[in-house]
Amino acid sequence: MNAETPPSPSNFIKTIIAEDIKTNKNDGRVATRFPPEPNGYLHIGHAKSICLNFGIAGEYEKGTCNLRFDDTNPSKEEVEYMEAIKADVRWLGFDWEDRLYHASDYFDRLYAYAVELIQKGKAYVCSLSPEDTKAYRGTLQEPGKDSPYRNRSVDENLDLFARMRNGEFPEGAHVLRARINMASPNMNMRDPAIYRIRHVAHNRTGDAWPIYPMYDFAHCLSDAIEGITHSLCTLEFEDHRPLYDWILDQLDVPCHPQQIEFARLNLSYTVMSKRKLQVLVERNIVDGWDDPRMPTIAGFRRRGYTPASIRNFCERIGIARRDSMVDVALLEFSIREDLNEKAPRHLGVIRPLKVVIDNYPENRTEELDAPLHPNHPEMGSRTLPFSREIYIEKDDFMENPPSKFYRLSPGREVRLRYAYFIKCEKVVKDKTTGEVIAVHCTYDPETRGGDSPDGRKVKATLHWVSAAHAITAEVRLYDRLFSKENPDEGTDGSHFTDFINPDSLEILTDCKLEPGLADTRPGDSFQFERLGYFCRDKSVSPTGHPVFNRTVTLRDSWTKISKKENA
RNA sequence: UGGGGCGUCGUCAAGCGGCAAAGACACAGGAUUUUGAUUCCUGCAUUCGGAGGUUCGAAUCCUCCCGCCCCAGCCA
0 MNAETPPSPS
10 NFIKTIIAED
20 IKTNKNDGRV
30 ATRFPPEPNG
40 YLHIGHAKSI
50 CLNFGIAGEY
60 EKGTCNLRFD
70 DTNPSKEEVE
80 YMEAIKADVR
90 WLGFDWEDRL
100 YHASDYFDRL
110 YAYAVELIQK
120 GKAYVCSLSP
130 EDTKAYRGTL
140 QEPGKDSPYR
150 NRSVDENLDL
160 FARMRNGEFP
170 EGAHVLRARI
180 NMASPNMNMR
190 DPAIYRIRHV
200 AHNRTGDAWP
210 IYPMYDFAHC
220 LSDAIEGITH
230 SLCTLEFEDH
240 RPLYDWILDQ
250 LDVPCHPQQI
260 EFARLNLSYT
270 VMSKRKLQVL
280 VERNIVDGWD
290 DPRMPTIAGF
300 RRRGYTPASI
310 RNFCERIGIA
320 RRDSMVDVAL
330 LEFSIREDLN
340 EKAPRHLGVI
350 RPLKVVIDNY
360 PENRTEELDA
370 PLHPNHPEMG
380 SRTLPFSREI
390 YIEKDDFMEN
400 PPSKFYRLSP
410 GREVRLRYAY
420 FIKCEKVVKD
430 KTTGEVIAVH
440 CTYDPETRGG
450 DSPDGRKVKA
460 TLHWVSAAHA
470 ITAEVRLYDR
480 LFSKENPDEG
490 TDGSHFTDFI
500 NPDSLEILTD
510 CKLEPGLADT
520 RPGDSFQFER
530 LGYFCRDKSV
540 SPTGHPVFNR
550 TVTLRDSWTK
560 ISKKENA
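Here numbering that gives the first Met the number 0 is used: the first residue of the first sequence is 0, the next is one more, and so on.
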């Protein structure tokens with residue numbers, strides 16, 4: 000039922016579950032669930048939870064993981080999000096089979112449980128205004144006061160709750176509260192609201208309900224109804240666990256799942272809350288939920304990340320209870336690792352510099368054979384057209400190179416990948432700006448394919464593309480969205496948007512790629528040799544050219560060396 | 001200042017009274033290389049937030065201290 004993922008390391012949750020299996024606590028069953036609220040797109044933090052929940056279930060013969068939408072707040076939730084969430088979970092490689100559920104599936108049963116609670120004297124209708132409710136709640140260090148409505152009779156509560164359900168009251172007039180303890184040091188136990196009036200249509204139940212259950216009431220009961228054994232959630236719900244347990248203890252429920260909390264994922268140089276991601280989308284700071292710079296699953300997909308790379312990343316970061324900030328370099332390692340094996344190699348020049356090979360015949364074109372993957376011959380090969388005028392990367396030429404630079408420069412010989420050795424003879428500059436606009440070279444016909452029969456060596460191999468045959472493309476280079484490792488951690492009045500990296504996107508519109516890249520499809524991934532991994536985008540440039548997104552650069556020790564030299 | 005958590009390498013993270021304190025990423029060297037990529041070696045915590053204590057023996061148990069996170073939605 001689950002995607003292939005390497006054997007995963009142990010963590011405290013697996014330890015607990017293994018122990019439960021050993022003691023036959025749930026008849027050997029392991030039932031988890033992934034319970035998103037459909038109020039936004041899934042992000043990499045959700046991927047951690049998905050991999051955990053589906054992953055654990057997948058490790059046991061009697062393991063199951065449900066997909067359950069926690070749709071108890073119709074004013075925030077949308078069908079668009081539900082569809083996107085399902086697509087993302089599937090894309091990640093997980094299968095909920097026939098176990099797609101919604102908290103809203105249980106509204107009737109939840110209502111009956113609420114009635115049961117009232118009948119047992121464990122819940123009451125409170126008619127305090129929201130402001131008064133807040134005032135009565137007390138503070139972190141002072142106990143709250145009992146609501147004046149706390150001792151209404153069971154009959155009156157039953158009547159009022161029935162009328163709430165019938166839509167007889169406006170929003171805010173009443174609320175159903177659990178009758179626990181207004182003096183509890185745990186705020187969640189100070190008679191929390193469990194049903195509120197909302198005259199809002201629900202995307203699945205329509206106008207059937209004018210009241211909706213709160214998270215604390217709906218979640219534990221949904222878990223119990225589904226026979227969940229281990230209810231995994233993030234740390235901020237730890238204080239809710241006593242309430243989770245209290246509700247299940249009062250009621251006649253099928254089972255009592257165990258809630259276990261773990262730390263949520265924080266990734267450096269990005270933000271992870273749905274609210275903040277929504278701000279980025281609404282303010283058009285990014286191009287939508289699937290902007291390749293977004294830490295959403297949809298964003299990573301469009302960026303060219305593979306499901307396996309994200310799953311491997313989630314395995315590597317582990318599961319623990321301490322707050323942490325994972326280095327984005329680990330994610331980058333995970334995608335390089337996967338694409339290095341799978342991505343076919345191609346040549347593409349993103350900042351073209353014209354090279355004329357003076358001793359190469361004017362009208363000649365050759366077809367050169369080039370493997371699609373140097374380490375995997377079984378992937379086959381393609382041919383590369385070669386001619387007198389080619390493009391190389393601007394960065395691969397320097398008129399006055401520093402000592403460590405061993406690419407092309409005046410008088411120097413280098414290899415063109417899978418083609419010929421060329422030697423730089425002359426530099427052509429723009430008369431006014433002094434900018435190098437073309438380079439003249441000679442080639443050695445004896446070096447066809449890239450080997451010299453006389454055994455002479457060159458220090459560098461450059462990627463190139465035949466000027467007459469290249470296709471033009473738009474390439475989008477992405478960098479981290481934020482310039483600060485933790486955008487949430489600004490000084491006094493700062494806002495996370497203050498740290499947006501102004502250079503997070505660079506669009507190159509005149510890139511020259513080997514012709515074979517013309518017949519590729521959106522979503523296809525490649526390595527452009529010496530540059531990085533790129534993924535064909537779904538869009539087309541304003542000029543009608545294909546668009547490629549840079550997923551991640553190759554590891555680059557040259558940049559480090561050159562920076563060191565300049566420092 | 002009430003309650004609940006958490007503190008092991010630059011970053012994640014194993015470890016649950018007896019290890020020279022896993023592993024990964026990052027980093028630094030070196031080898032191989034028609035990608036300054038990949039691959040391959042090598043190095044990288046005498047120390048587990050601090051101080052005491054228990055014990056033959058402590059990262060693991062106890063005490064105190066310090067630091068960080070969460071909770072006062074009719075959000076989830």
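The beta-carbon is built from N, C-alpha and C at its ideal position, and this holds for glycine as well.
Nearest neighbour of residue 155 by Cα position, chosen from 243, 244, 86, 118, turns out to be 118. Residue range 62–68 is occupied by the beta strand (DSSP E) that includes residue 62. Classified as buried, residue 223 has 16 or more neighbouring CB atoms from the shown chains inside 10 Å of its CB. With contacts defined as CB atoms closer than 8 Å, residue 438 and residue 513 fail to qualify as a contacting pair. Secondary structure remark: continuous beta strand (DSSP E) runs of at least 3 residues inside the region 439–494, in chain order: 463–465, 470–477. If you look at residue 52, you'll find it isn't in any beta strand (DSSP E); it sits in the alpha helix (DSSP H) that goes 43–57. Residue 19 sits close to residue 25, with the two beta carbons spaced by under 8 Å. Excluding its 5 nearest sequence neighbours in each direction, residue 200 has C-beta neighbours in its own chain below 6 Å: 206, listed in chain order. If you draw a straight line from the Cα of residue 165 to the Cα of residue 197, it is about 12 Å long. A check of alpha carbon separations from residue 109 across 82, 175, 146 identifies 175 as the nearest. Proximity to residue 357 across 216, 444, 304, 98 peaks at 444, based on C-alpha coordinates. Collapsing the DSSP output to three states places residue 232 in a strand. One alpha carbon belongs to residue 324, the other to residue 372, and they sit about 35 Å apart. Here the C-alpha atom of residue 381 lies approximately 11 Å from the C-alpha atom of residue 516. Boundaries of the alpha helix (DSSP H) around residue 564: 556–565. Take the alpha-carbon of residue 551 and the one of residue 210: they are about 48 Å apart. Excluding five sequence positions before and after residue 415, the CB atoms of its chain that fall closer than 7 Å to its own CB belong to 421, 461, 463, given in chain order. Restricting attention to beta strand (DSSP E) runs no shorter than 3 residues, the region 142–178 encloses them at 174–177, ordered along the chain. By DSSP's assignment, residue 368 forms a beta bridge with 382. With fewer than 16 other Cβ atoms from the protein chains shown falling within 10 Å of its own Cβ, residue 493 counts as exposed. The C-alpha of residue 193 lies about 14 Å from the C-alpha of residue 172. Between the region 524–534 and the region 340–359, the count of Cβ pairs shorter than 8 Å is three or higher; the stretches touch. Using a 10 angstroms sphere on the CB of residue 152, the tally of other CB atoms stays under 16, which defines it as exposed.
Apart from sequence neighbours up to five positions away, the residues of its chain that approach residue 121 with a beta-carbon distance below 7 Å are 177, 178, 249, ordered along the chain. Sequence-distant partners of residue 144 (beyond 5 residues in either direction) whose C-beta falls short of 8 Å from its own C-beta, in its chain, are 135, 137, 181. For residue 298, there is no enclosing beta strand (DSSP E); the enclosing alpha helix (DSSP H) has its first and last residue at 296–302.
Taking 8 Å as the cut-off, the Cβ atoms of residue 313 and residue 47 count as close. In this structure, residue 499 lies away from residue 473, with their beta-carbon atoms at least 8 Å apart. Runs of the beta strand (DSSP E) spanning 3 or more residues and lying entirely within the region 511–535 occur at 524–527, in chain order. Between residue 28 and residue 66, the CB-CB gap reaches or exceeds 8 Å.
Collapsing the DSSP output to three states places residue 140 in coil.
In the three-state reduction of the DSSP assignment, residue 392 falls in the strand class, which pools E and B. For the 8 Å CB-CB criterion, residue 13 and residue 38 do not form a contact.
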